[in-house]
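Residue numbers (our numbering): 10 to 302. For every residue, glycine included, the Cβ atom is placed at its ideal position computed from N, Cα and C. For clarity, every value in this text was computed on a predicted model and none was experimentally measured. Have a look at the structure below before the remarks.
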Amino acid sequence: MDSTLRPELFDFHGVMMTHYFTDNWNNYQNFQARPDDILIATYPKAGTTWVSYILDLLYFDQTSTARKTSTPIYERVPFLEFAVPGLETGKDLADGLSTSPRLIKTHLPVQFIPKSFWDQNCRIVYVARNAKDNMVSFFHFDRMNNIQPESGEWSSFFQRFLEGKMVFGSWHDHVNGWWKKKETYSNLHYMFFEDLVEDTEGEIAKLCSFLGLSPSTEEVETLSSSVQFDNMKKDKMANYSTLPVMDQKISPFMRKGKVGDWKNHFTVAQNEAFDEDYKKKTTDPTLKFRTEV
Ligand code: PPS
Numbered sequence: 010m011d012s013t014l015r016p017e018l019f020d021f022h023g024v025m026m027t028h029y030f031t032d033n034w035n036n037y038q039n040f041q042a043r044p045d046d047i048l049i050a051t052y053p054k055a056g057t058t059w060v061s062y063i064l065d066l067l068y069f070d071q072t073s074t075a076r077k078t079s080t081p082i083y084e085r086v087p088f089l090e091f092a093v094p095g096l097e098t099g100k101d102l103a104d105g106l107s108t109s110p111r112l113i114k115t116h117l118p119v120q121f122i123p124k125s126f127w128d129q130n131c132r133i134v135y136v137a138r139n140a141k142d143n144m145v146s147f148f149h150f151d152r153m154n155n156i157q158p159e160s161g162e163w164s165s166f167f168q169r170f171l172e173g174k175m176v177f178g179s180w181h182d183h184v185n186g187w188w189k190k191k192e193t194y195s196n197l198h199y200m201f202f203e204d205l206v207e208d209t210e211g212e213i214a215k216l217c218s219f220l221g222l223s224p225s226t227e228e229v230e231t232l233s234s235s236v237q238f239d240n241m242k243k244d245k246m247a248n249y250s251t252l253p254v255m256d257q258k259i260s261p262f263m264r265k266g267k268v269g270d271w272k273n274h275f276t277v278a279q280n281e282a283f284d285e286d287y288k289k290k291t292t293d294p295t296l297k298f299r300t301e302v
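Set out below in structure tokens:
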């Protein structure tokens, strides 16, 4: 494990980023999307892997057992902007996909999405998670992932999150930017981590209706049970245990998978400061999050 990989944050066109996601900018901005591509977009730690896995099983569960047993999720669903020396770029992996549809992951804020996804009117699934749990998950991720900036202590991480100084920028800007996009782009399905926890089957059914798929009730039940946290946690193809940049002894990628874990991290004072700051930054009352279910 090489801790010298740890990058610095810098302002990139108004969004805090690290070079691992900007080095390949020109190439991925020219990505040629196809009309049937499906983009899974999220702020980091909002449920990307969960929804990627659901989509992968919806489309390809029957196709090949090799895919299930030996192809990790980050190869099945390439991370478009990813560019880490020694590993294939997300753009090259996406170009190399032979599936139809191609499933592609991104954490980019809406204004950074390569033009051809819009030109091709691709379907986009956006997943959002309440800011408090999102922050906690992000903190543990930065502790264990050597290609993320150092997390630092919880109290300083907390402050930095409020200031929007996270990789891929401010949580508020991200979730609001994508929410606003829904007004003008109809091929966007906006979903919430909390709803998935509360009613996985119901959320899968809504997703299928967006995608024009019509699985049977039994198929939805089976899928829902295969993607429950405990199953994904023990699945080496889903739990990132094969990716060398993460030290899962520090914190596992599949950590808790809960709504409300923020209560184990936030002090009373932090919670008050958070709520105060949140009120100031909440501009659109139609975008509502639940911090408990
Ligand atoms: S990443 O690195 O941005 O792609 O991470 P991402 O996949 O978006 O988010 C990781 C968090 O999602 C949780 N997770 C799940 N929760 C419930 N059920 C299932 N099946 C599931 N799969 C992933 C994962 O545990 C991370 O959240 P925390 O709160 O840290 O546990």
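- Counting only the Cα atoms, residue 119 lies some 29 Å from residue 275.
- According to DSSP, residue 133 shares a beta bridge with 48, 197.
- Closer than 7 Å to some heavy atom of the ligand PPS: that does not describe the Cβ of residue 93.
- DSSP places residue 113 in the strand class (E or B) of the three-state scheme.
- Residue 26 is bridged by DSSP to 19.
- Comparing alpha carbon positions, the residue from 219, 186, 277, 53 closest to residue 202 is 53.
- Using a Cβ-Cβ distance cut-off of 8 Å, the stretch 289-300 and the stretch 188-201 are in contact, since at least three pairs of beta carbons, one from each stretch, lie closer than that value.
- Checking the DSSP bridge columns, you'll see residue 154 partnered with 255.
- Contact between residue 59 and residue 205 holds, since their C-beta atoms are separated by about 7 Å, short of 8 Å.
- Cβ-Cβ distances below 7 Å link residue 213 to 63, 229, 232, 233 in the same chain, with the five nearest sequence neighbours on each side left out; the list follows chain order.
- Out of 149, 73, 183, the CA that lies nearest to the CA of residue 164 is found in 149.
- In this structure, residue 241 has its beta carbon less than 7 Å from a heavy atom of the ligand PPS.
- Residue 215 has its alpha-carbon roughly 39 Å from the corresponding atom of residue 15.
- In this structure, residue 125 keeps its C-beta atom at 8 Å or more from the C-beta atom of residue 55.
- Per DSSP, the continuous alpha helix (DSSP H) segment holding residue 167 begins and ends at 163-171.
- Residue 163 has its Cβ no nearer than 7 Å to any heavy atom of the ligand PPS.
- Within a 10 Å sphere around the beta-carbon of residue 71 sit fewer than 16 other beta-carbons, which makes this residue exposed.
- The three-state secondary structure of residue 88, taken from DSSP, is strand.
- The beta carbon of residue 243 sits closer than 7 Å to none of the beta carbons in its chain outside the five residues before and after it.
- Residue environment analysis places residue 278 among the exposed positions, since fewer than 16 neighbouring C-beta atoms fall within 10 angstroms of its C-beta.
- Annotation for residue 279 indicates a beta carbon at 7 Å or more from all heavy atoms of the ligand PPS.
- The beta carbons of residue 174 and residue 26 sit no closer together than 8 Å.
- DSSP places residue 205 in the uninterrupted alpha helix (DSSP H) bounded by 202-207.
- For residue 64, the enclosing alpha helix (DSSP H) has its first and last residue at 57-69.
- For residue 150, the shortest separation between its Cβ and any heavy atom of the ligand PPS lies below 7 Å.
- In chain order, 90 place their CB closer than 6 Å to the CB of residue 30, counting only its own chain and leaving out the 5 sequence neighbours on each side.
- When secondary structure is reduced to three states using DSSP, residue 181 falls in the helix class.
- Under a 10 Å Cβ-count criterion, residue 88 is classified as buried, with 16 or more other Cβ atoms of the shown protein chains found around its own Cβ.
- In the assembly as shown, residue 160 is a buried residue. Its beta-carbon has 16 or more other beta-carbons within 10 Å.
- Annotated three-state conformation of residue 125 is helix, per DSSP.
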